[in-house]
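**Q**
Protein chains in written order, with our numbering: chain Z, 492 to 1033; chain C, -13 to 471.
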């Protein structure tokens, strides 16, 4: 059956967070650009929830070289050096774009963009707009987008990439009523963000369901380092339904301290030099260890305390934190917060070149869905910078790409129609599978991992993948597709975690004895695609 | 886990002719938010329930709904038992999902100047308070002007003000704001009272833009006439008969022991148009132990000028009024007019305390009046309820004398210079009040603001009475029954 509607464009950007909107703005200079979003542009995705900041070298005393070294060291030397080089050099330029377009970042008394310290960095280079930095960026980007002739298609869910032979030629989507739409494009940019919603405890927005990884994989693209999942050290723990909500690193950047139930600043045992401003992998493990060893609070967390800071500093630099905790009955000016690690960011993703080309012709990727920039652990403040640097690069490369002959493979569309029809006749509520998946991932593929638990989790996921999902109405079809994508992304994480038989950055294998440190690891990226999987070894790029 | 009973308004335009209310028994965790309740319904009771959310942490503005009629963010509002969840008062796409995009697209964007201009810290500091907006459109959903005019709404004005303050922007924000309905705002304050980020749009954006507009010559002719009159006579309306201040002495002594002494700030409308309501209030005060000092040189509070952006003469009015009470050593100034009260409380820095008559009477307590066999409804004056937070006190007084039937608290259309400047809009809003009054089945309408009193009287066939008048009628009935006077 043919699709109801076919949209043709030069560039199709999938995803409307910081990377997607930046890519669309750039691509629109080269031809008809369509931005398709599962949500309302500016509201969805994780950029708008990003609190702490944007790393950019802006001062003479700082240098891109130091930012580069900090990023590599923070990433346990698994990062793609060329991508890091680009990130550190271009982050200040893209910051300049945002300021030119009207972003209201906090300024110093000398009328310069203010910066604060963040974990794992030797210079305070994190630019911010209070603790609503990402929101400020999104508002600015949406303003700019409105000045272009980008066509926005909102609240449509992309369910698969459209293939013509090896090439990607667009996407198949569902509108809000569940009607199939075919979108053809010379270049397709995947900017779907992350996927830590596959975990029970996560900071991500509703769209952090890993659809981009799953669709890229199904289309035949290669992904790297999918085992590298960042657990942010500080997520809310109470009330139960607010578990995982991000408590920004800016809290520690502004001087917040971590204490266990006995009142000890335990970071002195884990990283006495950097203390609370160590890298996220270290702090998250430290907190998890304190809790496991029985030194956590009754609610199962540790204290994050800013009560010693001046009230005015909390009110002006951390207003969102103050407001959120007040809503749950805690005044952080007077009472310490209770926090525990929460799944936050996937460092791995589609393998990209410096021009954001994936391994598939016609498919580009930028932002969290791509891999390689952050290695085994991302520095706080580098993700917002990544969205802008690589969003622009992806948009430019996609825009400059030549027009392409595009023949829609009717068998692919028909197959999808068949799957959608089968959901209507299915038996299991997708919400049930989603919840069980999230619990299985948290238990079996969390901060501390071992082969047995990973294999067990993978088995569970495979069983979920065979369940016949039920769409209660046409509007529920997208949900079925998303739950299947979550299962696939979760399986990629588990498979990659099994392949990497070492502990590195955010990935800890408790069942592997190891003598090397990260800098001297014999291993490079893990890689996984429909045709091969494995791990690169030193000097042997796959 | 606890079990909550919640009612949700469901509506699928493809199937339903009208919205229907469905009640669900939902299992919820301790501390669950409204959003978690919606998740619970969707995940385990009815997957066809449509609602929108994204960040679930109060930062994206996707999930705003009404809970028991009040707009809130579903992700931040604690779920309580027996709540009713409805969509915002905007076009509904399905169930709780409203059509936000067309309204979001109307909000202006920054257009950078050709040459690169960078803001200063002072610019940033000025703009920042207007940048917390998450565009949830709660404000638009409650704005009475949006309902009856082409006004783009509070957040669109907030954005125009934010852009007007930005040296990087090349647009003409003041003209755009005027075009998009700047003068249709009644300053009813509904927008910022529902704002999850508490952005004070009427004072921080609309009145500021009106002041810019004034400098650019956009002030409406009728508003200019009012300003000219204030400058000439000290009063915002003309004298057509003997004024209240001419009718009364300098001090009104109470009948019994003195419970409190206050200086009266009468305000232009009570002084020159609704004198009888004010005289009735004096009788009520007299009977309840309040000694009232009435300085005769008091002038207009400046509210009609501040609300319409005509600030040139305001400081002079403030100086004269403050001097009037300060020179007599008065430590408490009584207001009866909701507009004057909110102005003295928020736009002045007074060396004395300002108290509204409803606050005063409930604070000191009143002699019980006789109950009148009348069913009444109460109209909340915006500048009393939202401007001064006075909601319960008038109701407490009213219930002492008549039966009260509630109606929704919506602006009558007379504030913010709208009655003078945009009479059609004021009439449209007045008409809606008339319809609400009719629905209550009440025999009389009670209010506590001379603007509302006068305006609503033109849009209902029921008598509109000041709260003081009704209390006085209760006392007269009491006296009649006792065979006194």
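From the three backbone atoms N, C-alpha and C, an ideal C-beta is built for every residue, glycine too. From a predicted model like this one, the values you see are computed outputs, not experimental measurements.
For residue 598 (chain Z), go through chain C and note every residue whose CB falls closer than 7 Å to its CB, in chain order.
**A** For the purposes of this step, residue 598 (chain Z) is taken as the residue at position 107 of the first chain. Chain C residues near residue 598 (chain Z): 107, 110.
**Q** Grab the span of the beta strand (DSSP E) containing residue 674 (chain Z) for me, first residue to last.
**A** In the first chain, the residue the question calls residue 674 (chain Z) occupies position 183. Counting along the chain, the beta strand (DSSP E) containing residue 674 (chain Z) begins and ends at 671 to 681.
**Q** Cβ closer than 9 Å: which chain C residues qualify as neighbours of residue 907 (chain Z)?
**A** Counting from one through the first chain, the residue named residue 907 (chain Z) turns up at place 416. Going along chain C, no residue has its Cβ under 9 Å from residue 907 (chain Z), so there is no contact; the nearest lies around 21 Å.
**Q** Run the CB neighbour count on residue 105 (chain C), radius 10 Å, all protein chains shown included, and call it buried at 16 or more, exposed below.
**A** What you label residue 105 (chain C) is simply residue 119 of the second chain in a count that begins at 1. Flag for residue 105 (chain C) reads buried.
**Q** Spatial neighbours of residue 348 (chain C) within its chain, please: C-beta separation below 6 Å, excluding the five flanking residues on both sides.
**A** Here the question's residue 348 (chain C) lines up with position 362 in the second chain. Closer than 6 Å at the Cβ level, and outside the excluded window around residue 348 (chain C), lie 379, 382.
**Q** Taking the DSSP output, what are the residues bridged to residue 654 (chain Z)?
**A** Within the first chain, the letter at position 163 stands for residue 654 (chain Z). Beta-bridge pairing links residue 654 (chain Z) to Z:659.
**Q** Where do the ends of the beta strand (DSSP E) carrying residue 342 (chain C) lie?
**A** Translated into positions along the second chain, residue 342 (chain C) becomes position 356. Taken as a continuous stretch (DSSP letters only), the beta strand (DSSP E) holding residue 342 (chain C) covers 339 to 342.
**Q** Scan the stretch 207 to 249 of chain C and note each continuous beta strand (DSSP E) run of 3 residues or more that stays entirely inside, going in chain order.
**A** none
**Q** Can you give me the C-alpha to C-alpha distance between residue 228 (chain C) and residue 128 (chain C), rounded to a whole angstrom?
**A** Taking the first residue of the second chain as 1, we reach residue 228 (chain C) at position 242. Taking the first residue of the second chain as 1, we reach residue 128 (chain C) at position 142. Whole-angstrom Cα-Cα distance: 40 Å.
**Q** Per DSSP, residue 56 (chain C) is paired with what?
**A** To locate residue 56 (chain C), count along the second chain from 1; it is residue 70. Note: residue 56 (chain C) sits in a beta bridge opposite C:53.
**Q** Quick check: the stretch 42 to 60 of chain C against the stretch 709 to 720 of chain Z, are there 3 or more CB pairs under 8 Å?
**A** no
**Q** From what residue to what residue does the alpha helix (DSSP H) around residue 881 (chain Z) run?
**A** Position 390 of the first chain, counted from the start, is the residue given in the question as residue 881 (chain Z). Counting along the chain, the unbroken alpha helix (DSSP H) around residue 881 (chain Z) starts and ends at 873 to 891.
**Q** Going by the CB atoms, is the gap between residue 78 (chain C) and residue 51 (chain C) shorter than 8 Å?
**A** Along the second chain, read from residue 1 onward, the residue named residue 51 (chain C) stands at position 65. Along the second chain, read from residue 1 onward, the residue named residue 78 (chain C) stands at position 92. Cβ distance not < 8 Å, so residue 51 (chain C) and residue 78 (chain C) don't count as in contact.
**Q** Can you name, in chain order, every residue of its own chain whose Cβ lies under 7 Å from the Cβ of residue 286 (chain C), other than the five neighbours on each side?
**A** Numbered from its first residue, the second chain carries residue 286 (chain C) at position 300. Closer than 7 Å at the Cβ level, and outside the excluded window around residue 286 (chain C), lie 216, 220, 221, 222, 254, 303.
**Q** Give, in chain order, every unbroken run of the beta strand (DSSP E) that is at least 3 residues long and sits entirely within the stretch 514 to 583 of chain Z.
**A** Runs found: 524 to 528.
**Q** Report the option in C:86, C:389, C:327 whose CA atom is closest to the CA atom of residue 376 (chain C).
**A** The residue you call residue 376 (chain C) lines up with position 390 of the second chain. The residue with the shortest Cα to Cα distance from residue 376 (chain C) is C:327.
**Q** Within the same chain, show all residues whose beta-carbon is closer than 7 Å to that of residue 613 (chain Z), passing over the 5 residues directly before and after it, in chain order.
**A** As a working mapping, residue 613 (chain Z) is identified with position 122 in the first chain. 557, 561.
**Q** Counting along the chain, where does the alpha helix (DSSP H) carrying residue 16 (chain C) start and finish?
**A** Indexing the second chain from 1 puts residue 16 (chain C) at position 30. According to the DSSP assignment, residue 16 (chain C) belongs to no alpha helix (DSSP H), since it is labelled neither H nor E.
**Q** Mind the definition here: the stretch 783 to 803 of chain Z touches the stretch 824 to 843 of chain Z only if three or more C-beta pairs lie below 8 Å; say whether that holds.
**A** These segments touch.
**Q** Give a yes or no on whether 8 Å exceeds the smallest Cβ distance from residue 113 (chain C) to chain Z.
**A** Within the second chain, the letter at position 127 stands for residue 113 (chain C). Cβ-Cβ to chain Z under 8 Å: yes for residue 113 (chain C).
**Q** Give the single residue among Z:644, Z:543, Z:602, Z:606 whose Cα lies nearest to the Cα of residue 626 (chain Z).
**A** For the purposes of this step, residue 626 (chain Z) is taken as residue 135 along the first chain, with counting starting at 1. Per the Cα distances, Z:543.
**Q** Please confirm if residue 790 (chain Z) has its CB atom under 8 Å from at least one CB of chain C.
**A** As a first step, residue 790 (chain Z) must be located in the first chain, where it is residue number 299. With 8 Å as the cut-off, residue 790 (chain Z) does not count as an interface residue toward chain C.
**Q** Secondary structure at residue 869 (chain Z), three-state DSSP: helix, strand or coil?
**A** As a first step, residue 869 (chain Z) must be located in the first chain, where it is residue number 378. Residue state, collapsed to three classes: coil.
**Q** Relative to the C-alpha of residue 68 (chain C), which candidate in C:341, C:386, C:13, C:83 has its C-alpha closest?
**A** For the purposes of this step, residue 68 (chain C) is taken as the residue at position 82 of the second chain. Among C:341, C:386, C:13, C:83, the Cα nearest to that of residue 68 (chain C) belongs to C:13.
**Q** Hey, is the stretch 626 to 642 of chain Z in contact with the stretch 505 to 524 of chain Z, meaning 3+ C-beta pairs nearer than 8 Å?
**A** Enough Cβ pairs lie closer than 8 Å, so yes.
**Q** Give me the DSSP bridge partner(s) of residue 411 (chain C).
**A** Taking the first residue of the second chain as 1, we reach residue 411 (chain C) at position 425. Per DSSP, none; premise fails for residue 411 (chain C).
**Q** Within the continuous alpha helix (DSSP H) that includes residue 905 (chain Z), where are the two ends?
**A** Indexing the first chain from 1 puts residue 905 (chain Z) at position 414. Unbroken alpha helix (DSSP H) run through residue 905 (chain Z): 901 to 915.
**Q** Can you tell me which of Z:765, Z:764, Z:754 puts its alpha carbon nearest to the alpha carbon of residue 1057 (chain Z)?
**A** No information on residue 1057 (chain Z) is available, as it lies outside the stretch 492 to 1033 that chain Z covers here.
**Q** Would you list the residues sitting across from residue 156 (chain C) in a DSSP beta bridge?
**A** Taking the second chain and counting its residues from 1, one reaches residue 156 (chain C) at position 170. For residue 156 (chain C), which the question treats as bridged, DSSP gives no partner whatsoever.
**Q** Below 8 Å between beta carbons: does that hold for residue 1038 (chain Z) and residue 661 (chain Z)?
**A** Given a span of 492 to 1033 for chain Z in the structure shown, any question on residue 1038 (chain Z) remains unanswerable.
**Q** Do residue 251 (chain C) and residue 325 (chain C) have their C-beta atoms closer together than 8 Å?
**A** As a first step, residue 251 (chain C) must be located in the second chain, where it is residue number 265. As a first step, residue 325 (chain C) must be located in the second chain, where it is residue number 339. No, these two residues do not count as a Cβ contact at 8 Å.
**Q** Considering only their Cβ atoms, is the gap separating residue 415 (chain C) from residue 398 (chain C) smaller than 8 Å?
**A** As a working note, residue 398 (chain C) is residue 412 in the second chain. As a working note, residue 415 (chain C) is residue 429 in the second chain. A distance below 8 Å separates the beta carbons of residue 398 (chain C) and residue 415 (chain C).
**Q** Chain Z partners of residue 34 (chain C), CB-CB under 8 Å?
**A** Position 48 of the second chain, counted from the start, is the residue given in the question as residue 34 (chain C). Per Cβ cutoff of 8 Å: 963, 964, 966, 967.
**Q** Where does the unbroken beta strand (DSSP E) through residue 840 (chain Z) begin, and where does it stop?
**A** On the first chain, position 349 is the one that residue 840 (chain Z) refers to. 840 to 842 is the span of the beta strand (DSSP E), which, as asked, contains residue 840 (chain Z).
**Q** Let me confirm a value: residue 453 (chain C) is counted as buried when at least 16 other C-beta atoms fall within 10 Å, else exposed. Which label applies?
**A** One-based indexing of the second chain puts residue 453 (chain C) at position 467. Buried.
**Q** Could you say which of Z:987, Z:966, Z:1006 lies nearest to residue 0 (chain C) if we only look at CA atoms?
**A** The sequence position of residue 0 (chain C) within the second chain is 14, counting from 1. Among Z:987, Z:966, Z:1006, the Cα nearest to that of residue 0 (chain C) is on Z:966.
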